[in-house]
Amino acid sequence: MQDKMAVAKDMEISQASIAPKPEVAPKEGPKPAFEPQDIPKMLEILDQRMNRLLASSLAACVHCGLCTEACHYYASTKNPEFAPAYKADLLRKVYKKRYDWLGRIFPRWVGGRDLDVELAEKMYDLIFGACTVCRRCSFNCPMGVDYASIMSTARYMMAAMNRLPEGLKATIDVHLQTGNNMGITEEELIETIQWIEEELQAELEDPTFRIPLNEKGAKYFLTMNPREPKYYPLTIQAEAKILHAAKESYTISTKFWDATNYCLFTGDVANARKIAQWQAEDVERLGCEYLLAAECGHGYRSIRWEAANWLGRQPKFKVIGFQELLAQYIQEGRIKLDPSKNPHRVTYHDPCNAAKSGGILEEPRIVLRAAVEDFVELRHNRQYSYCCGGGGGALTMTEFAKRRLEAAKVKAEEIAETGAKIVATSCHNCVDQLAEINRHYKLGVEVKLLCELVADALVME
Amino acid sequence: MMEDGGLRFLMEEVQYMALSFMGLVYLAKVIWFLKKPTVRDKAHLKGDPAKGAVVSLANIFMPWAMESTRTHWYFYLEFALFHLAVALTILSTFLIPFGVMEPGDPFSKVVVVAMAVGFVVGVRRLLRRITKPEIRLISSPDDYFSLALLDIFFLSGIWALGTGERTAMWVFFILTTFFLVYVPFSKISHYITYPFARWYYGVNFGGRGVIARPSRAFR
């Protein structure tokens, strides 16, 4: 651990350049192709999932094509098969054949079609491999079609047949087996936290500094992305430093501290519920008032918005994102920042799950305006931000990696356009994808989380 | 024109029957839809779902509110003119039988101009659908037919209202009858389905504070 920290510090590199690799292989790999006997089960799932949101989204599309340019896959490659309406139509065809009255009699007339192995394979290729479920198309759809509900249903129809990308399955399996998606043991976590504690004791010249573990009654229950203890301990260090500066009451649980929930990407509600249940029970066990979500886009969305839907109840605690808490501290004057400590031009990439699906739109701007000297927006920002390409579990899907990088062209061009030296974001998947974009498109930027920039600008009193 | 008993029957009884059929199909569709479970966030909300729904439903009148219409303003303009023409044409099918509107009167001249514009937009949209690969790829026969049907409907309307000829009126009202019977099964019925999609979009993203954002950054 000390070596890893020392290397990262000595080289003064972004934490994003330490690329994580999937560590644990699944016990049973996903199957390579659909089989005819899968089809009835897939249709049964479609019937079960048919709610008003899905039905209206499938019925309302008029094929106007205004969503087309909204998709980063299309915008970067101009491949017509990457148009959101085309991808959604793969499931819509089945809907038309199965539910639409005219479609049942004359399916071809309304674009209806039976679900068969060929169509299912096409769905697998485009819905896992050419859609990050970012919802940018929905924000550009005049009809209000919620593409995410269509894609999520289609993904679960496939995932339930065990036809899903291997890396995504491995990540979920490890989470379900060990309680976090990288299989980090309690001992490893405690060792990492204690080391960070010692580092901060030295930096702050305060031997009494502590990172509280399993402390009952703390106000905030801080979650982490497993990448943080595993590869990016500087993130935890930055968070702890900020919480210390704000004299905050918080704790880290050594049980269910993982902020992620990759079942969001497969639409697997049963397992998503199981993971959310672990998180909720752990926060309730410690009696914390808030779950403080790590800077992890899908993790925030999962616990902030989806968990209550999966669990069928409001948890006994509130959920707040680290970005939201940072903005709160700044607005309330609880932390002092010196923006001259971050003199370079910074731009901000909105993580799709935190912004478009999560509502964190203005808080990062409040943070950056206070923490850096020169903040510039990307041309497309907030709910209109292009996905970096790392969303929807795409980083785990190595079979689609080439396409993922090609689709990031539009984001790379926008970053280059700003002249920024630092790309700030608020999501670990985005950090890793932006780091890859940086290397691939030779942007010469550094990728940082908000908490890292804030920690750098902190004025300790 | 009005002395033609057959035409009167077509303009009144047949239209009422077609309209009733259309209403029944829509009713059945809405009942089917409302039988499906609803979706609503159970989490502590950040924004206002009701405000979100209102903003979402009003989106159609706010071309500046959405990037796709903001950057393709001509597309929005075409949409507005086309749908205005459709609305006026349908309105005239109600006004003519009641004698409120006569071919050649000032209002009918306005409707004829609107239908002519609607026809041009319809043809352009049809060409766009045929020539643009990404639009052709998502187009079904119903997409082409619905546009072509409306273009023919506009043409017949221009003929009927422009000349007042009996044959033209027969063609116009036969097409109106077909239109009323076919529309509930075609993509043209989006005007019934899209408000539901927009409603849920508004409720969900309004509640999450993404659209119709709360003035405070956090709550």
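Protein chains in written order, with this note's numbering: chain Y, 3 to 463; chain B, 100 to 318.
Ideal Cβ positions, reconstructed from N, Cα and C, are used throughout, including at glycine.
It should be emphasised that the depicted structure is a prediction, and the values quoted were computed from it without experimental measurement.
- Exposed is the label assigned to GLU189(Y), since fewer than 16 other Cβ atoms lie within 10 Å of its Cβ.
- Fewer than three Cβ pairs drawn from the stretch 408-421 of chain Y and the stretch 263-282 of chain Y lie within less than 8 Å of each other, which leaves the two stretches out of contact.
- In this structure, the straight-line span from the alpha carbon of LEU407(Y) to that of ILE439(Y) is close to 7 Å.
- When C-beta distances to chain B are compared with 8 Å, the residues of the stretch 376-392 of chain Y below that value are HIS382, GLN385 and TYR386, in chain order.
- Cβ contact annotation for ALA179(B) (same chain, cutoff 6 Å, sequence separation greater than five): none.
- Listed in chain order, the positions of the stretch 252-271 of chain B with a beta carbon within less than 7 Å of a beta carbon of chain Y would be empty, since no residue qualifies.
- Excluding the 5 residues flanking it on each side, CYS298(Y) has same chain C-beta neighbours closer than 7 Å at ASN227, ALA261, THR262, CYS429 and HIS430, in chain order.
- Remark: C-beta atoms of ASN53(Y) and VAL138(B) approach each other more closely than 7 Å.
- Assignment of beta-bridge partners to PHE377(Y) by DSSP yields VAL348(Y).
- By DSSP's assignment, ASP204(B) forms no beta bridge with any residue.
- Cβ proximity to chain Y below 9 Å picks out MET165, GLU166, SER167, THR168, THR170, HIS171, PHE174, TYR175 and PHE178 from the stretch 164-181 of chain B.
- Per DSSP, the unbroken beta strand (DSSP E) holding LYS320(Y) starts and ends at 320-323.
- Linking GLN114(B) to ARG315(Y) through their CA atoms gives a straight-line distance of about 51 Å.
- Of the residues ALA403(Y), ALA372(Y) and ARG347(Y), the one whose Cα lies closest to the Cα of VAL378(Y) is ARG347(Y).
- Residues of chain Y with a Cβ closer than 9 Å to the Cβ of LEU225(B) do not exist, since the nearest Cβ in that chain sits about 13 Å away.
- Counting C-beta pairs closer than 8 Å gives three or more between the stretch 204-224 of chain Y and the stretch 287-303 of chain Y, which meets the contact rule.
- Closer than 7 Å to the CB of PRO136(B) there is at least one CB belonging to chain Y.
- Using a Cβ distance threshold of 7 Å, ALA248(Y) and TYR331(Y) count as a contacting pair.
- Taking 7 Å as the CB threshold, ILE229(B) stays off the interface with chain Y.
- Under the Cβ criterion of 7 Å, GLY308(B) is counted among the residues facing chain Y.
- With its beta carbon at least 7 Å from every one in chain B, THR79(Y) lies outside the interface.
- Setting aside the 5 residues that flank it on each side, LEU370(Y) is surrounded in the same chain by VAL348, TYR350, PHE377, ALA426, LEU452 and LEU455, each with a C-beta closer than 8 Å to its C-beta; the list follows chain order.
- Taking all protein chains in view, the Cβ of VAL461(Y) is surrounded by fewer than 16 other Cβ atoms within 10 Å, so the residue is classified as exposed.
- For the pair SER191(B) and VAL210(B), the CB atoms are nearer than the 7 Å cut-off.
- The criterion of a C-beta distance shorter than 7 Å is not satisfied by GLN333(Y) and CYS390(Y).
- At a C-beta separation below 9 Å, GLN435(Y) has no neighbours in chain B, since its nearest C-beta there lies roughly 22 Å away.
- Among the bridge pairs identified by DSSP, MET226(Y) is matched with ASP260(Y).
- Taking all protein chains shown into account, VAL199(B) has fewer than 16 neighbouring C-beta atoms within 10 Å of its C-beta and is therefore exposed.
- For THR292(B), the chain Y residues whose Cβ falls inside 7 Å of its Cβ are SER58, ALA61 and ALA62, in order along the chain.
- Three or more beta-carbon pairs drawn from the stretch 39-47 of chain Y and the stretch 158-177 of chain Y are found closer than 8 Å, and the two stretches are therefore classed as touching.
- Residues of chain B with a Cβ closer than 7 Å to the Cβ of GLN239(Y) do not exist, since the nearest Cβ in that chain sits about 25 Å away.
- The straight-line gap separating the alpha-carbon atoms of GLY185(Y) and LEU236(Y) is approximately 20 Å.
- A Cβ-Cβ distance of about 6 Å is found for the pair ALA311(B) and GLY146(B), placing them in contact under the 8 Å criterion.
- A distance below 7 Å separates the beta carbons of PRO202(B) and GLY263(B).
- Contact residues of the stretch 330-345 of chain Y toward chain B are GLN330 and GLN333 (C-beta to C-beta distance below 9 Å).
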